[in-house]
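Participant:
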Amino acid sequence: MTAEFSTLTVERLGHVSRITLNRPDHHNPLTPRSIREILAAVERAGTDEQVRVLIIRSTGRSFSSGYGYVAADVEEGDFAQHGAIEGDVTAMIALGSGWARVWDCPIPVIAQVHGNCLAGGTDLALHCDLVVAAEDARIGYPPVRSMGVPPTNMWLYNVGPQWTKRLLFTGDTVSGAEAKDIGLVVATAPPDELDQFVLDLASRVALIGRDLLIANKRVVNMGVELMGRAQLQRFAALNDVIGHRAPEALAFSDRIGELGLRNAVRERDRAFDLPEGRP
2 MTAEFSTLTV ERLGHVSRIT LNRPDHHNPL TPRSIREILA AVERAGTDEQ VRVLIIRSTG
62 RSFSSGYGYV AADVEEGDFA QHGAIEGDVT AMIALGSGWA RVWDCPIPVI AQVHGNCLAG
122 GTDLALHCDL VVAAEDARIG YPPVRSMGVP PTNMWLYNVG PQWTKRLLFT GDTVSGAEAK
182 DIGLVVATAP PDELDQFVLD LASRVALIGR DLLIANKRVV NMGVELMGRA QLQRFAALND
242 VIGHRAPEAL AFSDRIGELG LRNAVRERDR AFDLPEGRP
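Per our numbering, the sequence shown starts with residue 2, numbered consecutively.
#1: Indicate the three-state DSSP secondary structure (helix, strand or coil) for Val145 in the structure shown.
#2: What span of residues does the alpha helix (DSSP H) with Ile94 cover, start to end?
#3: Counting only the same chain and skipping the five closest in sequence on each side, list residues whose C-beta sits under 6 Å from that of Ile57.
#4: According to DSSP, simplified to helix, strand and coil, what is Leu239?
#5: Provide the residue(s) that pair with Gln113 in DSSP beta bridges, ordered along the chain.
#6: Restricting to Cα atoms, I'd like to know which of Phe170, Ala138, Val160, Arg139 is closest to Val150.
#7: Figure out for me which residue from Ser65, Glu77, Ile36 has the closest Cα to the Cα of Asp101.
#8: Considering just the uninterrupted stretch of the beta strand (DSSP E) at Ile20, what are its terminal residues?
#9: What's the C-alpha gap between Thr91 and Gly99?
#10: Tell me which residues share the same chain as Leu22 and place their Cβ nearer than 6 Å to its Cβ, disregarding the 5 neighbours each side in the sequence.
#11: Does the structure place the region 133-142 close enough to the region 36-51 that three or more beta carbon pairs sit under 8 Å?
#12: So, helix, strand or coil for Pro273, using DSSP?
#13: Using only the alpha-carbon positions, how far apart do Val221 and Asp196 sit?
#14: Which of helix, strand or coil does DSSP assign to Ala120?
#15: Please return the same chain residues whose Cβ sits closer than 6 Å to the Cβ of Trp104, not counting the five positions on each side in sequence.
#16: Do you know how far the Cα of Tyr68 is from the Cα of Leu125?
#17: Look at the alpha carbon of Gly15 and the alpha carbon of Ala238, and state the distance between them as a whole number of angstroms.
#18: Mind reading off the beta-carbon distance from Val206 to Leu200? Whole number of angstroms is fine, and I expect it under 8 Å.
#19: Measure the alpha-carbon distance for Phe198 versus Tyr142 and round it to whole angstroms.
This is how it looks when you write it as C-alpha cells:
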C-alpha cells in the first residue's frame, strides 16, 4: 500500500493516476478513514499538473459494499453517536460535502466498478464523471428498504426520475449490463477485460490537454449545478435523517442488535427475492 495510505494504493500510468481501494477481505467498506484517504488521493491527483485523468477501482470481489466499520480503521471521533437530530443532520451534510470533492475534482474521474457496488459505494461511483462496469457487476441501494434514503442522491442526474424511483422504491439492484441499458454506466466489459478497457478509455481521454479537459468538465458540471445538484444533495441528507427515525428503520436497528447485521439484512431481503423476469 502507498506509505501514507492504509486503505488504498495510488499509482501513476503516464498521464493517468489510479486509486485502488484495498480492503478486499471486507468488500472495501467506506469507513471514515477510507473516505478521508480517497478524498486526499483525489485532491492530490487533481492538483498534479502531470495528471489528466483519474481512475478509482478496487481489489477483491467488490468495488464497495457501502459504508462500513473496520476496527483497525477507527480514529477518535469516528462513529460518534448522534442522539439529537441536528447531530445526524450535520453528519449527513458533511458526508455529502465530502463526496462533492470527487465531483468537483478538476480533471475527469472514472469509476471502475466490479462485483458489488452497493449503498455508499454508489455514492462514490456516481460522483465520478464516468462509470464503467463489469457486465456482471451488482449496483444498487438496498438500504432504502429499511434505513433511509441515499444521503447524496446522484441517481436522478444519471438515470432520470422514473428509473431513480424504480430503484429507490424497491432497493433492487441492476447488473452492469442492465445499468448500461438505463444510462447508469457509460460502458461495460467482461470482468477479466475491465482493467484494460478502463485504462484504454482513460488513456484516450488523456490524449486531450489538461486545460481543455478541465474546461469541458467545468461547463458540464455547471449545467448539473444549475439543475440543483447541491440543493438536492442537502435535501436528500435531511430526508435521510428523517428516514433514520422511521418506524421501519428503528425496528431494523433492533433486529440488527438481535441477529447481527448480516442476518438482519438477509431476513429483510428475503421478501424481495424474485425469479428471473422480475417486475
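Where is the CB? At the ideal position from N, CA and C, for every residue including glycine.
Facilitator: Answer, in terms of the structure:
#1: Under the three-state reduction of DSSP, Val145 is assigned to helix.
#2: 86-104 is the extent of the alpha helix (DSSP H) around Ile94.
#3: If we look at Ile57 and ignore the five residues flanking it on each side, its Cβ neighbours are Ile20, Ala112.
#4: Looking at Leu239 - three-state DSSP - the assignment turns out to be helix.
#5: Val133, per the DSSP bridge assignment.
#6: Taking only the C-alpha atoms, the option nearest Val150 is Phe170.
#7: Looking at the sequence itself, residue 101 is Ala, so the reference to Asp does not match. Nearest option by C-alpha distance: Ile36.
#8: Counted as a single uninterrupted DSSP element, the beta strand (DSSP E) harbouring Ile20 occupies residues 17-22.
#9: So the alpha carbons of these two residues sit roughly 12 Å apart.
#10: The beta carbon of Leu22 sits closer than 6 Å to the beta carbons of Leu9, Asn29, Ser59 from its chain, once the five residues preceding and following it are set aside; these are given in chain order.
#11: Contact between the region 36-51 and the region 133-142 is absent: fewer than three C-beta pairs spanning the two stretches fall below 8 Å.
#12: Contrary to the premise, residue 273 reads as Phe rather than Pro in this sequence. Correct three-state label for Phe273: helix.
#13: Their Cα atoms are separated by approximately 26 Å.
#14: In the structure shown, Ala120 falls within a coil segment according to DSSP collapsed to helix, strand and coil.
#15: Result list for Trp104: His128, in chain order.
#16: Distance between the alpha carbons of Leu125 and Tyr68: 10 Å.
#17: C-alpha separation (whole angstroms): 38 Å.
#18: Contact doesn't hold; Cβ gap of about 11 Å is too wide.
#19: Roughly 26 Å separates the two Cα atoms.
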